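Colleague: Take a look at this one; I'll ask things after.
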Ligand code: IMP
């Protein structure tokens with residue numbers, strides 16, 4: 009553990025994804041915070057995402073780590089909501105085709121379920137849950153509205169990126185560089201709200 013950093017300045021991320029951890033570190037580092045993954049903080053289990061909402065899942069993830077580390081914990085949950093599917097796949101986005109599905113299976117399923125449907129409105133949602141020891145959880149939500157394409161375009165990003173065009177753009181997220189996608193993404197917007205809250209705290 010880093011000795012120079014006061015214990016309150018450490019934020020543990022409830023994710024195994026080192027890419028996400030790096031993004032959070034880049035953003036929160038300049039504010040004086042050190043971001044560690046749960047594994048780096050000595051906890052390596054992942055809870056089952058049994059919640060029915062992004063908030064519930066983010067809280068489940070945050071609490072599972074907070075029970076094992078003495079630091080503040082940040083968890084995120086995200087997914088894609090499609091208007092004509094009443095918000096599906098939603099919290100089931102990662103396992104839309106089946107449990108353990110590859111991203112490409114999920115994209116193919118969504119394109120075939122939508123078929124020639126003309127209403128292709130959708131939005132990405134990201135909810136962050138920040139848990140400080142002894143305090144009420146704080147939530148930050150980012151939305152990114154757009155349209156589902158009829159075929160895949162681009163190989164960048166992950167998940168549904170190659171079939172999602174954010175509003176105001178002609179390219180899919182899969183055709184964009186991370187530095188183009190991140191500021192307009194649901195995750196980017198949620199993180200921005202969180203960073204603003206931390207600064208004002
Ligand atoms: P999680 O929040 O990492 O559990 O992500 C849930 C699922 O939502 C992912 O597996 C993707 O299928 C989808 N998803 C979330 N954010 C994005 C994104 O930025 N691009 C594409 N797919 C995403």
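Numbering (this note's numbering), first residue to last: 9 to 209. Just so it is clear, CB atoms sit at the ideal spot from N, CA and C, and this is done for glycine as well. All figures in this text were calculated on a predicted structure; none of them were measured in a lab.
Is residue 166 helix, strand or coil when you go by DSSP?
Modeller: The answer is coil: DSSP assigns residue 166 none of H, G, I, E or B.
Colleague: Alpha carbon to alpha carbon, what distance is there between residue 195 and residue 204?
Modeller: Between residue 204 and residue 195, the C-alpha separation is close to 14 angstroms.
Colleague: DSSP beta-bridge partners for residue 123?
Modeller: Paired residues: none, contrary to the question.
Colleague: Within 7 angstroms: the Cβ of residue 114 and any heavy atom of ligand 1?
Modeller: Correct: residue 114 has its Cβ closer than 7 angstroms to ligand 1.
Colleague: With a cut-off of 8 angstroms, do at least 3 Cβ pairs link the region 39-49 to the region 59-66?
Modeller: Taking 8 angstroms as the limit for Cβ pairs, the verdict is that the region 59-66 does not touch the region 39-49.
Colleague: Under 8 angstroms: do the region 24-44 and the region 97-111 share three or more Cβ pairs, one atom per stretch?
Modeller: As far as the Cβ criterion goes, the region 24-44 does not touch the region 97-111, which means the pair count is below three.
Colleague: I believe residue 89 touches residue 133 by the beta-carbon criterion, under 8 angstroms. Please report the beta-carbon distance rounded to the nearest angstrom.
Modeller: Right, the Cβ-Cβ distance comes to about 6 angstroms (below 8 angstroms), so this counts as a contact.
Colleague: Can you give, in chain order, each stretch of the alpha helix (DSSP H) that sits fully within the region 80-128 and has at least 4 residues?
Modeller: If we require 4 residues or more, the alpha helix (DSSP H) runs fully inside the region 80-128 come out as 111-122.
Colleague: Please report how far the alpha carbon of residue 192 lies from the alpha carbon of residue 115, in whole angstroms.
Modeller: About 21 angstroms.
Colleague: Using a threshold of 7 angstroms, is the CB atom of residue 165 nearer than that to any non-hydrogen atom of ligand 1?
Modeller: Residue 165: yes, Cβ under 7 angstroms from ligand 1.
Colleague: Among 207, 200, 139 and 77, which residue has its Cα nearest to the Cα of residue 31?
Modeller: Of 207, 200, 139 and 77, the residue nearest in Cα terms is 200.
Colleague: Just curious, the beta strand (DSSP E) that residue 45 is in, first and last residue?
Modeller: Segment 42-45, the beta strand (DSSP E) holding residue 45.
Colleague: So is the beta-carbon of residue 195 under 7 angstroms away from any non-hydrogen atom of ligand 1?
Modeller: Within the cutoff, so yes.
Colleague: Ignore the nearest five residues each way along the sequence and tell me which others in residue 138's own chain have a CB closer than 6 angstroms to its CB.
Modeller: Counting only Cβ-Cβ distances below 6 angstroms, and skipping sequence neighbours, we find 82 and 146.
Colleague: At a threshold of 7 angstroms, does residue 5 count as lining ligand 1 (C-beta to nearest heavy atom)?
Modeller: The question about residue 5 has no answer, for the chain in this structure spans 9 to 209.
Colleague: Is any non-hydrogen atom of ligand 2 found closer than 7 angstroms to the C-beta of residue 29, if you look at the structure I gave you?
Modeller: Ligands displayed in this structure: ligand 1; ligand 2 is not among them.
Colleague: Specify the secondary structure class of residue 74 as computed by DSSP and reduced to three states.
Modeller: Residue 74 falls in the helix class under three-state DSSP.
Colleague: Among residues of its own chain, excluding the 5 on either side of residue 127, which ones have a beta-carbon nearer than 7 angstroms to its beta-carbon?
Modeller: So the list reads 91 and 92, once near-sequence residues are dropped.
Colleague: Check the DSSP bridge columns for residue 174 and list the partner residues they point to.
Modeller: The partner list for residue 174 (beta bridge, DSSP) reads 154.
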